[in-house]
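Chemist:
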Amino acid sequence: MTTTFTVDGHDVFATTGGVDFDPAKPVVVFLHGAGFDRTTWRLQTRWFANHGRSVLAVDLPGHGRSGGAPLSSIAAMADWVSRLLDAVGVRQAALVGHSMGGLVSLDAAGRYPDRVRALGLCGIAGEMPVHPEMLESAKAGTSKVRELMTFWGLGRALQIGGMVSPGLWLTRESLAVLDKAAPGVIHNDLAACNAYKDAPARAAQVTCPVTFVCGDSDQMTPAAKCKPLAAAIAGSRMTLLKACGHFMMVERPDETLDALKAVA
Amino acid sequence: MPDAKFLKFDTLALHAGQQPDPVTGARAVPIYQTTSYVFRDVEHAASLFNLEVGGHIYSRISNPTVAVLEERVAALEKGTGALAVASGQAALHIAIATLMGQGGHIVASASLYGGSRNMMGLTLPRFGITTTFVDPRDHDGMRKAIRPETRLVFGETIGNPGGEVLDLPAVARIAHDAGMPLMIDNTFASPFLCNPLEHGADIVMHSATKFIGGHGIAIAGVLVDAGRFDWRASGKFPTLTEPYAGYHGIDFFAEFGPQAFIMRARTEGLRDFGPALSPQNAFYLLQGLETLPLRVRQHVANAQAVATFLSTNPAVERVHHPDLPSHPDHALAKKLLPRGSGSIFAFDLKGGREAGKRFIERLRLFSHLANVGDAKSLVIHPASTTHAQLTAEQLAATGIGEGMVRLSVGLEDVDDLIDDLTPALRAAHKG
Numbered sequence: 003m004t005t006t007f008t009v010d011g012h013d014v015f016a017t018t019g020g021v022d023f024d025p026a027k028p029v030v031v032f033l034h035g036a037g038f039d040r041t042t043w044r045l046q047t048r049w050f051a052n053h054g055r056s057v058l059a060v061d062l063p064g065h066g067r068s069g070g071a072p073l074s075s076i077a078a079m080a081d082w083v084s085r086l087l088d089a090v091g092v093r094q095a096a097l098v099g100h101s102m103g104g105l106v107s108l109d110a111a112g113r114y115p116d117r118v119r120a121l122g123l124c125g126i127a128g129e130m131p132v133h134p135e136m137l138e139s140a141k142a143g144t145s146k147v148r149e150l151m152t153f154w155g156l157g158r159a160l161q162i163g164g165m166v167s168p169g170l171w172l173t174r175e176s177l178a179v180l181d182k183a184a185p186g187v188i189h190n191d192l193a194a195c196n197a198y199k200d201a202p203a204r205a206a207q208v209t210c211p212v213t214f215v216c217g218d219s220d221q222m223t224p225a226a227k228c229k230p231l232a233a234a235i236a237g238s239r240m241t242l243l244k245a246c247g248h249f250m251m252v253e254r255p256d257e258t259l260d261a262l263k264a265v266a
Numbered sequence: 199m200p201d202a203k204f205l206k207f208d209t210l211a212l213h214a215g216q217q218p219d220p221v222t223g224a225r226a227v228p229i230y231q232t233t234s235y236v237f238r239d240v241e242h243a244a245s246l247f248n249l250e251v252g253g254h255i256y257s258r259i260s261n262p263t264v265a266v267l268e269e270r271v272a273a274l275e276k277g278t279g280a281l282a283v284a285s286g287q288a289a290l291h292i293a294i295a296t297l298m299g300q301g302g303h304i305v306a307s308a309s310l311y312g313g314s315r316n317m318m319g320l321t322l323p324r325f326g327i328t329t330t331f332v333d334p335r336d337h338d339g340m341r342k343a344i345r346p347e348t349r350l351v352f353g354e355t356i357g358n359p360g361g362e363v364l365d366l367p368a369v370a371r372i373a374h375d376a377g378m379p380l381m382i383d384n385t386f387a388s389p390f391l392c393n394p395l396e397h398g399a400d401i402v403m404h405s406a407t408k409f410i411g412g413h414g415i416a417i418a419g420v421l422v423d424a425g426r427f428d429w430r431a432s433g434k435f436p437t438l439t440e441p442y443a444g445y446h447g448i449d450f451f452a453e454f455g456p457q458a459f460i461m462r463a464r465t466e467g468l469r470d471f472g473p474a475l476s477p478q479n480a481f482y483l484l485q486g487l488e489t490l491p492l493r494v495r496q497h498v499a500n501a502q503a504v505a506t507f508l509s510t511n512p513a514v515e516r517v518h519h520p521d522l523p524s525h526p527d528h529a530l531a532k533k534l535l536p537r538g539s540g541s542i543f544a545f546d547l548k549g550g551r552e553a554g555k556r557f558i559e560r561l562r563l564f565s566h567l568a569n570v571g572d573a574k575s576l577v578i579h580p581a582s583t584t585h586a587q588l589t590a591e592q593l594a595a596t597g598i599g600e601g602m603v604r605l606s607v608g609l610e611d612v613d614d615l616i617d618d619l620t621p622a623l624r625a626a627h628k629g
C-alpha cells in the first residue's frame, strides 16, 4: 500500500508496509540513503506495519516518486522530516535511516528531541567523506559513481550472491535504482554527506533509545568509524552483522530487522 | 580512484548465487530435494506468508537450489532478478500472464521458435490474448502493428531458423516509444554471446534446456528482468502498479521497484499456474552453466567452420549463418554478437524435401532430434517437425523452405563433423 501527502507544497510518496497508515499508532519513518529510494526498506517495513506500528517508507524530496528538488544539506533534510511529521499529524516517530538517511535521522533526533522517540541507524559513521572523483562523476552524470557506490557498497559476499529473497541479484538492483535517480540527485546527496560534520555534536544531544546496525565488511562506513558515535550516546546498542557490507537492509535483511525490532 | 571491479562473466558462471553451505561446508550446490520448509515458529511462518521476510515456503514458489540458478542467470544476463521455471514455454507463458490479461495484444517477430509461435498465434487467442506477427526486419511494420491494447513487443535475438538478428536497440526504441516493454528470447545466443538487456530489452527469457544446460538432460526456462521499465509511467500494467487482492493488496512496483516484475511472476505466476522447476533439474543446469563460456566459444568456432564448409558445397543452395558475410544481418551480428552468432543455423539443400530426407538419413554423428544447444551435434528438418503446424504460406513468411535443414553444431572435433556431413551432402545431391 502507498500514500501521498504534501510537504512544502510538493507531493511526498511513501509505502506503508502493506497496511494503511494510521497516525494514531506508533509511527516508524524509514529514510533511504544517497541516490536510493523507499524500496531499499522493503524487507523491514512490512514486519513493522503488521506488528502494531504505522510505517512510512518515504522517498525524500526529488527522489523516487516524490516531487520537489533534493534538499542540499543533512540539516535541511532533518528539518524536512520535522515538517513531514507535521504533515501527517504525528507528534513523535521512530526514525530508521540508512547511510545519508541515518545522518538525517541522527540530526533530527539531536535538534528535535521531542519529535523522535527512537533511532535505528544503519551504515553510518561520524564523518562520511566522499572521494572527489565520485563527486566529480556524480556532478558530470557519468556511470562511474553509480558503479563505485554499488561496488563499495555491497559486501563482497553478496557480490557473489546468496540473497535471502530467492532469485534477486543485488548488484544490478543497486545499479538499476541509481540509474533512475534524476540528474543531480546523486551529486546533491553525496555532497550533503561529504559536508556534514555535525554527527558527533548531534549524537551528544540524543536522548531517545538508539540502535546502530553495522556491517563487518562495510567499506563505506566501516564499523570502527561508527563506534565513536555509539559511544557518545548513553545506552545505545550496536549490532555488527557478519559478512555484510554497507547495504545491510538487503544484504542481511532478517538480521537488520531483528536489530531494528529492539528499538523501533 | 580505481574503477569498480565487478566479478566477470567466467567467474560469475561458476560462483554467482551460491555461498558454500554454512552447515556442511559443501562446495557444490546442494540439491534441496524437498517440497517444503520448516518454519522457525508461528511468527516466522506468518512473516514469510506476508512477504515481511525473505525465505522459502513451498518449492512450487521457490527452492534453494533453484534460487542459485536464478541468481546465476540474473548475474550473467545483467538483470536485477530471475525466475526459473519448468520449461522455456512456461517462462514465456508466465511473462505474458504477468503483463496482461484478456484483451491484451502482443507484437512479435514472425521468426520465432515454432512453440512460441503456436502459443501466441493459436493458443492464447482462446484466452483473449492476440498477437500480430511482423517480419523482424520490418521496423515500420512493427511500429504500425502496436495498438492501444498492446502490452508487449517480443522477438528472438537470433531468429529461428533463418538466423535473423533482431536489431535490439531499434526495436527497443519502437517498444519504448509506445510505452511497451521489449522481451527477448535469448536462447540461441546464450548470455555469453549477447546480453539483450544491455541493448535496450527489458525482459529476457531462455529455454535453459539449450546452451545453459548444454547436456540435453533437463528441461527448464528462465525469465530475467532488467528492472528498468517504468511500469507506472506506461500506465498500462495494473498487475504491477495497482493493489493485488491475491497478496494483501500489494502494489508490486511501489514496494519492490526494480524487482516488481519478478516478484509478481513468482508470487502469482508460479503460485497459481505452478510450473515449478525441480531442484534436481536446477542442479543439472548449474553444472552446465559452470562451463558455458568454454562451451560456447567452441560451439561458435565449430559452427563457423561448418558454415564455411557448407557455403562452398555444390549440394547447398544457401547457408543462413549471421557470421557469414553473405547473411543479410552480418553487419548487425558483428555489432550485437561480436563473439559470434552461436552454433544453431539453417541451410537450404538443393532438391527440396527429398534431398533433406536423404541428407538426414545419411548422417551418423549428427543426431536427428528436436532440440538445440546440446554439446552433441544435432540436426532437424523444420518443415516437417518444429514448424509443421504452419501452413505453406506461414512457412514462406517465416523464411522456411522445404529443403531447409537446421543444424545445432556441437563440441565434437570439427574435422569429424565435416567428415560426417560430406557423404550426407553427396547423398542429398546425387538423389
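As you go down the protein sequences, you meet chains A and B in turn. Counting from 3, one number per residue, gives the positions in the first sequence under my numbering. Counting from 199, one number per residue, gives the positions in the second sequence under my numbering. Don't be surprised by glycine CBs; every beta carbon is placed ideally from N, CA and C. None of the values given here were measured: they were computed from a predicted structure.
1) Starting from the C-beta of residue 177/A, find all residues in its chain whose C-beta is less than 8 angstroms away, skip the five residues before and the five after it, and write them out in chain order.
2) Consider the C-beta atom of residue 86/A and the heavy atoms of the ligand COA; say whether any pair is separated by less than 7 angstroms.
3) On a CA-only basis, which of 381/B, 544/B, 319/B is nearest residue 589/B? Give me that one, please.
4) Can you list the residues of chain A that residue 366/B reaches, using a CB-CB cut of under 8 angstroms?
5) For residue 221/A and chain B, any beta-carbon pair shorter than 8 angstroms?
6) Does residue 62/A have its Cβ less than 8 angstroms from a Cβ in chain B?
7) Which bits of chain A does residue 398/B rub up against, with CB to CB less than 7 angstroms?
8) Any C-beta of chain B sitting closer than 8 angstroms to the C-beta of residue 218/A?
9) Give the straight-line distance between the Cα atoms of residue 433/B and residue 307/B, rounded to the nearest whole angstrom.
10) List, in chain order, every chain A residue whose beta-carbon is nearer than 8 angstroms to that of residue 468/B.
11) Taking only three categories from DSSP, how would you classify residue 474/B?
12) Look at the alpha carbon of residue 454/B and the alpha carbon of residue 66/A, and state the distance between them as a whole number of angstroms.
13) Let me see if you follow: with CB-CB separation under 8 angstroms, is residue 245/B close to chain A or not?
14) Residue 206/B: buried (16+ other C-beta within 10 angstroms of its C-beta) or exposed?
15) By the criterion of Cβ-Cβ separation under 9 angstroms, what are the contact partners of residue 426/B in chain A?
16) Is the CB of residue 153/A under 8 angstroms away from at least one CB in chain B?
17) Of all the alpha helix (DSSP H) runs that stay within the bounds of the stretch 307-375 of chain B, which reach a length of 4 or more residues?
18) Pick helix, strand or coil for residue 518/B, following the three-state DSSP scheme.
19) Using the Cβ count rule (16 or more neighbours within 10 Å means buried), how would you classify residue 566/B?
20) Could you round the C-beta distance between residue 602/B and residue 546/B to whole angstroms and report it? I think they count as a contact, below 8 angstroms.
21) Can you pull the chain B residues whose beta carbon is under 8 angstroms from the beta carbon of residue 20/A, in chain order?
22) Helix, strand or coil for residue 445/B? Go by DSSP, reduced to three states.
23) Could you tell me which of 213/A, 158/A, 229/A, 233/A sits nearest to residue 257/A, measuring between CA atoms?
24) Using the DSSP secondary-structure output, state which residues sit across from residue 124/A in a beta bridge.
25) Taking the beta strand (DSSP E) that residue 604/B falls in, what are its first and last residues?
26) For the beta strand (DSSP E) containing residue 205/A, list its first residue and its last residue.
27) Leaving out the 5 sequence neighbours to the left and right, which residues in its chain are closer than 7 angstroms to residue 486/B when beta-carbon positions are compared?
28) Does residue 378/B get closer than 8 angstroms to chain A when you measure Cβ to Cβ?
29) Keeping to the same chain, check which residues put their C-beta closer than 7 angstroms to that of residue 234/A; ignore five residues upstream and five downstream.
30) Show which residues of chain B have a CB atom less than 7 angstroms away from the CB atom of residue 166/A.
31) Counting C-beta neighbours from all protein chains within 10 Å, is the total for residue 562/B 16 or more, i.e. buried, or is it exposed?
32) Given residue 325/B, which residues of its chain have a CB within under 7 angstroms of its CB, disregarding the five upstream and five downstream residues?
33) Measuring only between beta-carbons, confirm whether residue 4/A sits less than 8 angstroms from chain B.
34) So, is the C-beta of residue 133/A closer than 8 angstroms to a C-beta in chain B?
35) When you compare only the Cα positions, how much space is there between residue 540/B and residue 391/B?
36) Along chain A, which residues have their Cβ under 9 angstroms away from the Cβ of residue 204/B?
Modeler: Once the coordinates are examined:
1) 148, 149, 152
2) Because no ligand of any kind appears in the structure shown, any question about the ligand COA cannot be addressed here.
3) 319/B
4) Correct list: empty, because the minimum Cβ distance to chain A is about 18 angstroms.
5) Chain B, which has no Cβ nearer than 8 angstroms to the Cβ of residue 221/A, makes this no.
6) no
7) Within chain A, no residue comes near residue 398/B; the closest Cβ sits about 13 angstroms away, beyond 7 angstroms.
8) no
9) Taking the straight line from one Cα to the other gives about 24 angstroms.
10) In chain order: nothing, as chain A lies at least about 10 angstroms away.
11) Note: residue 474/B maps to strand in three-state DSSP.
12) 12 angstroms
13) yes
14) exposed
15) In chain order: 178, 181, 182.
16) yes
17) Fully enclosed alpha helix (DSSP H) runs of no fewer than 4 residues occupy 312-316, 337-343, 366-375 of the stretch 307-375 of chain B, in order along the chain.
18) Here residue 518/B sits in strand by DSSP.
19) Flag for residue 566/B reads exposed.
20) At roughly 5 angstroms, the Cβ-Cβ gap stays under 8 angstroms, so residue 602/B and residue 546/B are in contact.
21) The contacting residues are 248, 249, 446, 447, 448, 453.
22) In the displayed model, residue 445/B falls within a helix according to three-state DSSP.
23) Selected option, being the one with the closest Cα: 213/A.
24) 100/A, 215/A
25) 602-606
26) No beta strand (DSSP E) contains residue 205/A, which is instead part of the alpha helix (DSSP H) from 201-207.
27) 410, 411, 412, 413
28) no
29) 202, 205, 206
30) Listed by position along chain B, the residues whose Cβ is nearer than 7 angstroms to that of residue 166/A are 252, 253.
31) exposed
32) 300
33) yes
34) yes
35) If you draw a straight line from the Cα of residue 540/B to the Cα of residue 391/B, it is about 7 angstroms long.
36) Per Cβ cutoff of 9 angstroms: 149, 152, 153, 161, 173.
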